[in-house]
Each structure stands twice: as C-alpha cells, then as structure tokens.
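Read the structure below first, then the notes.
Numbering (our numbering), first residue to last: 388 to 852.
Below, the structure is given as structure tokens:
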C-alpha cells in the first residue's frame, strides 16, 4: 500500500540520543524519525523537557498545555527546535522535570515519577487535541497513558501505534494513584489500565493503541509466551493480530572502518588498554552491566578463553556486583583482560573497529543494536539466539556472520567462545565472514518504510470507520 507523501507523524517518548537518554530507546527516536523524514513524511519528536534536554536544544519557551493535577495545576512550556535533523518539541514543567537526572539518581527512582509521567501524558494528549497529526507513534511506558487519554477524548482522535522496546520496563505505580492519570472511571479496570493492583502505563498503551509493534519478529513471538511476557503475555496474545515485529536499524554515520586497517587498530587499542597485542582473538563487550545482558555468564565463561590465548575487554556501567567481578578479573588477568567502568561513544567505536569478536550473551534481547554496530565495523558478533539477536545474526557454520549459542549458561557461552577462537585460526574464512558482516544493510531505511506502510493502513482504517 502506498504512503501519502505529506503524512504527519508525532513520535512520543521519554528519551532522545543527545538530548537525554539511557539506552537504545534514545537511539531509535534519533534514527527512525530521521529516516522517515527522508522518505517524505513530516515528523516531530515530542519529549519531556528534562533540564539537560532544554539546555541542549536551546529553543526559547512559549506557552504550552495546562494540566490540572489533584494537588495543583501544571503549567507546561513548550520548546520547539530541531535536533539531529528533525523537529523536536520539549514539554517542560520545572517542578517535575528541572532535575539532574531523567528518572532518578543512579540505582534509584524519583518518588514522584508517577506524577511526572502522568502529567506529561496528559500534556501530550492536550497538544494532540490542539494540533492533531495524522498518526501518533508512542514509545514505551513513558508514553503509554497517551493512548487511553486519546480514546477518552473521542472518536475524532488520530490513530495510535504503541512500540515496545523492552517489555521488562512498564512504569507501574499503585492503583490508589489512578486519579493522577486524568482518565475516566471506565479505565480503572483489568481490561483498562490496571494490572494486578497497579496502574500500568505500558499495558495502557498495549490495551488501547490501534496497533502494537516491537523491535524484532522473534521478540514479538517471545513476548506472547508466559515465560517471556512479564505478566502481559495474555494481553499480547489477545492482540496478536495487531502485533508486528520490525527490526531496528542504526545510524550509519561516516564511512565504515576499512578491513585492512584492523590489525593497526587492534594494536592501538591493546596499547591503550594495557593488553598483550599478540593474544588473539580479542573479545569485546560494550554494554550495560546487567544480568539481562548475560554478563554474569560472561564473567564466568571468559577465563577459559583467556587461558587458551585470547584477550578480552569489557566496557560499561551497571550492577555493582558485575563491576566488582570484572575489576577482580582485571586484577587477576593483567595483559589479558581489560575493564573500563564507564562509557563514551568514541571508545565504543574504537572497540568495535578493533575487536575480533563482539559478545552479546543476553538472556533476552528485544532487538539489540550492539551486534549491528559491531558488524558494520567488521567485528564478528557472538550472541545468544534470542529476540533480535536471532533475527540479525546467522552462524558462520551456515555461511553467516557470527556465532550463536542457545542455552543461557556459562558452559554454552564458553563453548561458543572456544568455537570462535578455532574459527579465527582460518584467516581466509575469518576475512570472508567480516566482509559479509560489513555488507549487511544496517541503516533505518527498511524499518522506516515498513512503519510508514503500517501508518497508512491505520489511517485508512480510521477513515473507513
């Protein structure tokens, strides 16, 4: 079905790379709207006006929506500008969003997050009513309450799409605070926004949006299973005919690293990190340090590979127990293992461009972008066969680009690491796999086009009543 060249889309979310983000959601809201704009759509990204976001956008304030909350009115200002090539609007209310962190200090959350994001959703709904786009695309729990608020506003509303980037994060808060949402009483039900004694913003979006997407076909199937649905599998099965899986892209900025320069880049990175440059292959992890990412498994599995001649580096921040484990491993394995407790984009790019194998051993992974960045840089991905990792990486044993393992265990991961080491003993096969990896299209164009097709279907269905 063809799309309308003047299709207007409002993306609503909680993060945008460069303006305030903590993970992959911010990358999506930076990349997808830009690609849709290149295909002819008129897009706008709407976000909370966090302190750092308002400062980075640098746009002057003007009056925005007024939201009546139970304990007083919120007076939002709107800041309209361009960022990363696309129009952006920030909705700012200093009492709720002029703070040093997005959601709370590291390892904690602001106690009034239910107030903050309920008010944001109500402000978004007011703005949509005043300036309706052709379609509203909601991203994750931050925007979930917008869907029922638009339903409550009446049948003239634009159609909505709800995208789930990670079902584990649902933004739930006590049922007794339902009044914060501004929703009618009919929404205070298990077939509304309530879920096991809580208001669940993500469930609200899944329940009331006209269509649901998530970030890979495999993840779309997995979250309909009770074992992977985080309590929402029955709802997702019920809505399965309106649930779509679309693989994310990445921003392909600048030329991809040249294969012939890899040995020099590896040597330079080894010198930077204090690694023995003669140990091969170089395994790398660039990740949030959480059990979801399987990094407790990596901490137990990698010593065997190090004992057999490999080297490894882990870059990231996260759980204190994993930080402690990797710091201890660095102390025990000088010259073999490096750990950088922190993150910066430039270092990540150097690691991707130098490493032989980038490991993503996640217990579950909605899509994953690390493996896409790795392949573009010519590193071979070693991944657990789950979610988007399964959809984007095929095994070198089948003429593919990486190494897959099934069981979420240190033993299975260790076997995959040793298999990757054995594969690297064949330089010709390794070079061919790297060439295949770099040839894989990883940009946003394909996903952007598929989303525009779905938008057009939703708009046509709404027009037909």
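No residue lacks a Cβ here, since even glycine has one placed at the ideal position from N, Cα and C. No experiment lies behind these values; they were computed from the predicted model shown.
Residues of the same chain with a CB within less than 6 angstroms of the CB of residue 741, apart from the 5 flanking positions on each side, are 652, 653 and 656 in chain order. For residue 658, the closest alpha carbon among the candidates 737, 758 and 708 is that of 737. In this structure residue 787 touches residue 781 by the C-beta definition: roughly 3 angstroms separates them, less than 8 angstroms. At a cut-off of 4 residues, the continuous stretches assigned as alpha helix (DSSP H) that sit fully inside the region 800-838 are 814-826. DSSP, reduced to helix, strand and coil, places residue 782 within a strand of the structure shown.
Taking the CA atoms as reference points, residue 497 sits about 27 angstroms from residue 397. For residue 631, the uninterrupted beta strand (DSSP E) run begins and ends at 630-632, by DSSP.
Counted as a single uninterrupted DSSP element, the alpha helix (DSSP H) harbouring residue 504 occupies residues 500-517.
The C-beta of residue 547 has 16 or more other C-beta atoms within 10 Å across all chains shown, which makes the residue buried. Taking all protein chains shown into account, residue 627 has fewer than 16 neighbouring C-beta atoms within 10 Å of its C-beta and is therefore exposed.
Excluding sequence positions up to five before and after residue 582, its CB lies within less than 6 angstroms of the CB of 590, all in the same chain and listed in chain order. In the three-state reduction of the DSSP assignment, residue 796 falls in the coil class. Here residue 464 carries a strand assignment [DSSP, helix/strand/coil]. When the five nearest sequence neighbours on each side are left out, the beta carbons in the same chain lying within less than 6 angstroms of the beta carbon of residue 568 are those of 505 and 532, in order along the chain.
Per DSSP, the unbroken beta strand (DSSP E) holding residue 601 starts and ends at 598-601. Contact annotation: the region 819-828 does not touch the region 713-733, with fewer than three C-beta pairs closer than 8 angstroms. Boundaries of the alpha helix (DSSP H) around residue 760: 757-764. Between the C-alpha atoms of residue 425 and residue 840 there is a straight-line separation of about 15 angstroms. Taking the C-beta atoms as reference points, residue 520 is found no nearer than 9 angstroms to residue 465.
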